[in-house]
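Enquirer: In this text, residue positions in the sequence shown follow numbering that gives the first Met the number 0: the first is 0, and each later residue adds one. The structure's right below; bear with me while I get my questions together.
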Amino acid sequence: MTTNVIARSVHSTSDVDIFPQGAIDSDESWYLDDRITFTSERADYTNSILADNRITFEHLRPANLETVQAWSQTSPSESSNVNGAPDSSYSFTKGPVIEVTDFEIDQLTQYEIIEVKILVAFHIPGSLLQDQVRFTMNDGGVYSELVTYVNTQNPIDYMNETIWSKDITSEADWTWTKLSNLIVTMDYVSLGNTDDTQLDIDAVGLAVIVEYPWYGTEWASVESTSTGFEMPIFDVDFADGYLDGLEISSCGLTPINEGVEGSWISEVLVSEPGQNFGRIHFDASNS
0 MTTNVIARSV HSTSDVDIFP QGAIDSDESW YLDDRITFTS ERADYTNSIL ADNRITFEHL
60 RPANLETVQA WSQTSPSESS NVNGAPDSSY SFTKGPVIEV TDFEIDQLTQ YEIIEVKILV
120 AFHIPGSLLQ DQVRFTMNDG GVYSELVTYV NTQNPIDYMN ETIWSKDITS EADWTWTKLS
180 NLIVTMDYVS LGNTDDTQLD IDAVGLAVIV EYPWYGTEWA SVESTSTGFE MPIFDVDFAD
240 GYLDGLEISS CGLTPINEGV EGSWISEVLV SEPGQNFGRI HFDASNS
């Protein structure tokens with residue numbers, strides 16, 4: 000009896016770099032992209048970078064800061080026409096103080112406080128020769144002077160076009176409750192037998208810089224394709240291997256008994272000399 004035996008041996012193997020651009024020493028073989036999600040517009044704050052042999056995704060979105068205003072709603076001195084936003088209606092005084100409080104912050108409390116300013120729309124129609132005008136605030140019993148006007152040569156108008164303001168951010172560790180309960184007092188201090196002029200108050204409010212949340216998303220990507228190489232692929236067939244509790248159907252593998260799990264073990268796979276197995280991919284189609 001004659002027996003023919005055929006064998007194949009591997010005499011040598013060599014490494015082939017199938018992804019040379021993986022060194023990331025050049026951006027020539029890479030495609031970089033960034034967009035605002037669901038649009039074709041380029042991203043404003045997100046980008047991808049190839050540098051120093053690495054890929055970097057950078058997202059530099061600044062704080063979304065907005066200025067909101069809250070005007071007084073109550074006058075403890077029962078002064079009329081001083082609450083709400085400026086409207087050219089005002090109260091005047093030549094001695095009695097004008098007080099306001101209860102700043103309208105109900106729609107703002109979900110935002111973080113960054114900066115706070117006092118706003119006063121007021122008018123001093125004449126010069127102050129001996130009298131004074133003084134603004135103060137009361138934060139839960141802590142009194143602070145805001146400004147004092149004395150010896151002025153001309154009228155002072157912060158009621159038309161511009162509004163007087165002062166930054167009080169550093170005066171306290173502000174919370175929305177503290178701001179709402181803040182009491183602001185405007186006082187015309189009469190020192191002579193006759194009044195120099197009067198103090199007109201239209202409105203008192205707060206200008207608060209808050210941090211708003213950002214809405215919308217962006218994305219960035221880096222892509223490169225390796226070409227010119229044929230990748231070895233093992234085509235694994237469900238028909239080859241060991242089935243336990245499963246059977247092959249037009250939809251793939253299905254349990255023999257409904258509701259009972261089964262298993263499938265493939266045939267033994269052996270990689271080519273000098274090679275290692277890579278990823279497992281599933282090719283599925285509707286049937």
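Glycine included, every Cβ here is placed at the ideal spot set by N, Cα and C. A quick note: this is a predicted structure, and the numbers were derived from the prediction, not measured.
Suppose you measure from the CA of A22 to the CA of F56; what does that come to, to the nearest Å?
Expert: Between the C-alpha atoms of A22 and F56 there is a straight-line separation of about 17 angstroms.
Enquirer: According to DSSP, simplified to helix, strand and coil, what is E170?
Expert: Looking at E170 - three-state DSSP - the assignment turns out to be helix.
Enquirer: To which residues of the same chain is P124 closer than 6 angstroms at the C-beta, ignoring the five residues directly before and after it?
Expert: P154 and T196
Enquirer: Is P75 buried or exposed, if buried means 16 or more other CB atoms sit within 10 Å of its CB?
Expert: exposed
Enquirer: Go ahead and label S270 buried or exposed: buried means 16 or more other beta carbons lie within 10 angstroms of its beta carbon, across all protein chains shown.
Expert: exposed
Enquirer: Hey, V259 and G240: beta-carbon distance below 8 angstroms or not?
Expert: no
Enquirer: Hey, I200 and I97 are a contact pair by Cβ (cut 8 angstroms); roughly how many whole angstroms apart?
Expert: 5 angstroms
Enquirer: Which of the three DSSP states, helix, strand or coil, is assigned to L298?
Expert: What is shown of the chain runs 0 to 286, which leaves residue 298 out entirely.
Enquirer: Among all the DSSP beta bridges, which residues are the ones paired with S47?
Expert: F56
Enquirer: Could you check how far apart the C-beta atoms of W218 and T36 are, in whole angstroms? I think they sit under 8 angstroms.
Expert: 6 angstroms
Enquirer: Within 10 Å of its beta-carbon, does Y187 have 16 or more other beta-carbons around it, so buried, or fewer, so exposed?
Expert: buried
Enquirer: Check whether the segment 135-144 and the segment 176-193 touch, using three or more Cβ-Cβ pairs below 8 angstroms as the test.
Expert: yes
Enquirer: Measuring CB atoms only, is the segment 246-260 touching the segment 43-63, in the sense that at least three cross pairs come out at less than 8 angstroms?
Expert: no
Enquirer: Considering only residues of the same chain and omitting the five flanking positions on each side of W263, which have a CB-CB separation below 8 angstroms?
Expert: F237, G240, Y241, L242, D243, L245 and L252
Enquirer: Over the uninterrupted beta strand (DSSP E) stretch that includes W263, give me the two end residues.
Expert: S262 to S265
Enquirer: Looking at C-alpha atoms only, which residue of I167, V267, W175 and E144 is the closest neighbour of V115?
Expert: Ranking I167, V267, W175 and E144 by Cα distance to V115 puts I167 first.
Enquirer: Do L178 and F102 have their CB atoms nearer than 8 angstroms?
Expert: yes
Enquirer: Work out the CA separation of L59 and D24 for me, nearest whole Å.
Expert: When rounded, the distance between both Cα atoms is 25 angstroms.
Enquirer: Alpha carbon to alpha carbon, how far is A288 from W70?
Expert: A query on residue 288 cannot be resolved here, the shown segment of the chain reaching from 0 to 286 and no further.
Enquirer: Taking just the CA atoms, how far does Y157 sit from D33?
Expert: 48 angstroms
Enquirer: Have a look at Q109, S79, Q72 and L107 and flag the residue whose alpha-carbon is nearest the alpha-carbon of I100.
Expert: As written in the sequence, residue 100 is Thr, which differs from the Ile given in the question. Here the closest residue by C-alpha is Q72.
Enquirer: Between I17 and the rest of its own chain, which residues show a CB-CB distance below 7 angstroms, the 5 nearest in sequence each way excluded?
Expert: S225 and F228
Enquirer: P85 by DSSP, collapsed to three states: which one?
Expert: coil
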